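Take a look at the structure below.
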Amino acid sequence: MFWGNRPQSVDDQAFIVDGDRTYTFNEIFDFSDLMYSGVLEGSVVVIESDRDLGTVCAYIGALRNNIIPLLIDSNLNSKAVSDILNSYEAEFVISSRARNISGYQIFDNRFKKKIYSRSKSSSVRVHKDLCMLMPTSGSTGEAKCVRTSRDNLILATESIVRYLSINNSRVSISSLPLHYTYGLSVLNCALESRSKFVLTDKSWLERDFWKIAEDNKITDLSGVPFMFQTLRRIKLSDEILESLVCVNQAGGKLEPSLAEYFINYFSDKGVAYFTMYGATEASPRMSYVPYKDALEKLGTVGIPIDIGKFSTDSDDGVSEGELIYEGPNVCLGYAYNREDLSLGDENNQILHTGDIGIIDNDGFATIIGRKKRFVKVFGMSVNLDAVESIAKNITDNSAVIGRDDKVLVLITDSKTKLVKQKILENVTFSNTGLKVKKISEIYLNSSGKPDYPRMVSEFL
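Numbering of the sequence shown is given in our numbering, commencing with residue 42 and proceeding in unit increments.
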């Protein structure tokens with residue numbers, strides 16, 4: 042287990058860099074264990090996640106003490122947090138802010154975090170294989186979560202470390218939220234490889250981020266498509282480029298012309314560039330494009346990681362159809378409430394991705410479209426139906442469509458400002474990814490249901 046102790050000589054190495062302070066693995070492990078002093082194994086803890094030391098310790102400590110972490114966005118509103126807590130009857134919640142949560146009282150204060158405990162304990166015991174919970178849509182506060190086992194998390198992380206050739210000389214940085222599975226996997230890989238992880242809440246848009254990257258000689262950068270759109274306009278310093286070893290992109294499809302630019306740009310600097318594909322349900326990685334094949338296989342999502350395999354649901358298993366992934370990193374299943382946490386493996390290592398794809402003769406998969414109504418907005422998975430339900434609370438004559446980095450709310454009255462305001466109060470993706478448009482009618486199909494394809498064709 043990558044969160045377990047290793048020989049003193051290994052774990053006395055530098056791990057977390059937080060401003061001007063550096064902590065070893067042993068120090069972080071000690072802090073993490075202290076955070077859960079007096080907490081019973083099998084408890085569920087909801088962690089309101091920030092890119093800070095307290096969140097790192099809360100997460101690692103939960104894993105080390107057989108406590109089930111559920112990481113959520115710290116920007117979720119109080120109602121969304123309460124709904125999640127009540128759905129899972131979480132024994133604890135860890136927050137960076139003072140909260141008045143019905144049924145919870147203050148338990149402790151550690152590492153600038155407030156720990157609240159539930160007044161009434163749950164009678165439902167979690168399954169012995171359950172390791173952690175991750176929301177399927179971290180931006181809307183839905184209760185639906187992925188149930189991840191220890192083997193899921195360990196095997197996926199080990200595979201990522203292998204294909205990215207990460208060793209203990211590497212230095213990564215928290216460029217992505219820790220409640221987002223891609224961002225969390227960067228931390229997991231640092232743990233597995235015993236390499237350094239630099240904490241910052243700055244974004245690629247800020248000069249301070251690149252100053253921190255330069256000062257700490259960052260070797261690994263991870264980003265989602267909109268971050269690379271930003272990076273196209275930034276001139277990286279010679280010092281940063283001299284330190285960089287690996288740049289990887291996931292969280293949605295990057296426009297092929299932009300991907301080609303970065304493949305060539307980083308190749309010229311001797312930096313390996315990886316396109317990757319995954320899902321929370323795969324803990325979180327399914328495939329990658331080896332950097333040596335990046336140009337030849339431009340536009341594909343690559344070959345399966347070394348513990349998995351791809352097929353489609355077509356007759357021959359490779360022609361156009363729903364892409365199916367099989368591997369031991371496929372999650373146990375979904376959860377909607379506390380009772381579901383007692384369930385075992387419902388997936389049998391098979392994941393129907395919901396993406397329509399094809400597989401070429403070399404085993405590289407290409408995604409053609411999405412089967413379900415989920416889109417990636419700046420790397421965050423967004424359920425269009427969940428956003429639509431918010432809009433319908435304001436006006437029945439509404440529908441929501443979208444594509445990567447854009448959610449469009451269609452309404453037939455003049456409540457555009459109110460609808461946008463209410464949606465932004467309940468989600469956490471950037472307001473630049475949300476548009477509200479007044480139209481003359483909501484198109485319906487012959488069954489009286491919204492005709493989404495027609496609306497997508499006309500308005501997106």
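Using N, Cα and C, we set each Cβ at its ideal position, and we do this for glycine too.
For clarity, every value in this text was computed on a predicted model and none was experimentally measured.
With 16 other Cβ atoms within 10 Å as the buried cut-off, status of residue i
i	result
residue 91	buried
residue 51	exposed
residue 62	exposed
residue 290	buried
residue 322	buried
residue 240	buried
residue 273	exposed
residue 101	buried
residue 169	exposed
residue 246	exposed
residue 338	buried
residue 136	buried
residue 248	exposed
residue 497	exposed
residue 244	exposed
residue 275	exposed
residue 466	exposed
residue 201	buried
residue 166	exposed
residue 409	exposed
residue 377	exposed
residue 298	exposed
Beta-carbon spacing of residue i, residue j below 9 Å
i	j	result
residue 163	residue 133	no
residue 501	residue 324	no
residue 366	residue 351	yes
residue 96	residue 112	yes
residue 190	residue 403	no
residue 255	residue 278	yes
residue 344	residue 329	yes
residue 115	residue 142	no
residue 342	residue 314	no
residue 94	residue 57	yes
residue 238	residue 210	no
residue 469	residue 219	no
residue 284	residue 250	no
residue 198	residue 43	yes
residue 188	residue 384	yes
residue 263	residue 306	no
residue 109	residue 205	no
residue 282	residue 258	no
residue 286	residue 420	no
residue 355	residue 335	no
Own chain, CB closer than 8 Å to residue i, minus 5 neighbours either side, in chain order
i	result
residue 454	436, 438 and 479
residue 441	425, 426, 428, 429, 432, 448, 449, 450 and 451
residue 302	273
6 Å CB neighbourhood of residue i in its chain, flanking five on each side removed
i	result
residue 445	293, 416 and 417
residue 488	Note that residue 488 has pLDDT 47, beneath the 50 cutoff, so the model's placement of it is unreliable and the number below is only indicative. If we look at residue 488 and ignore the five residues flanking it on each side, it has no Cβ neighbours.
residue 129	85 and 379
residue 400	351, 359 and 406
residue 414	425 and 426
residue 495	484
Proximal residues to residue i (C-beta, below 7 Å), its chain only, five neighbours per side dropped
i	result
residue 492	484, 485 and 486
residue 192	369
residue 144	159, 160 and 161
residue 147	155 and 157
residue 390	367, 368, 369 and 371
residue 207	230, 234 and 236
residue 412	363, 395, 396 and 397
residue 65	52, 53, 54, 55 and 56
residue 59	94 and 240
residue 327	318, 319, 320, 345, 346, 349 and 366
residue 149	156
residue 482	453
Beta-bridge partners of residue i, as assigned by DSSP
i	result
residue 491	485
residue 390	Beta-bridge pairing links residue 390 to no other residue.
residue 172	Partner(s): none; residue 172 has no beta bridge.
residue 421	418
residue 327	DSSP lists no partner for residue 327.
residue 188	174 and 374
residue 465	According to DSSP, residue 465 bridges with nothing at all.
residue 319	326
residue 406	343 and 400
residue 110	86
Along the chain, which unbroken stretches of the alpha helix (DSSP H) at least 4 residues long are found entirely within the region 57 to 108?
-> 66 to 76 and 94 to 105
Output the residue ranges of the alpha helix (DSSP H) runs that lie fully inside the region 124 to 161 and measure 4 residues or longer, sorted by chain position.
-> none
Length-filtered (3 minimum) beta strand (DSSP E) runs lying within the region 228 to 300 = 237 to 240, 261 to 264 and 287 to 290
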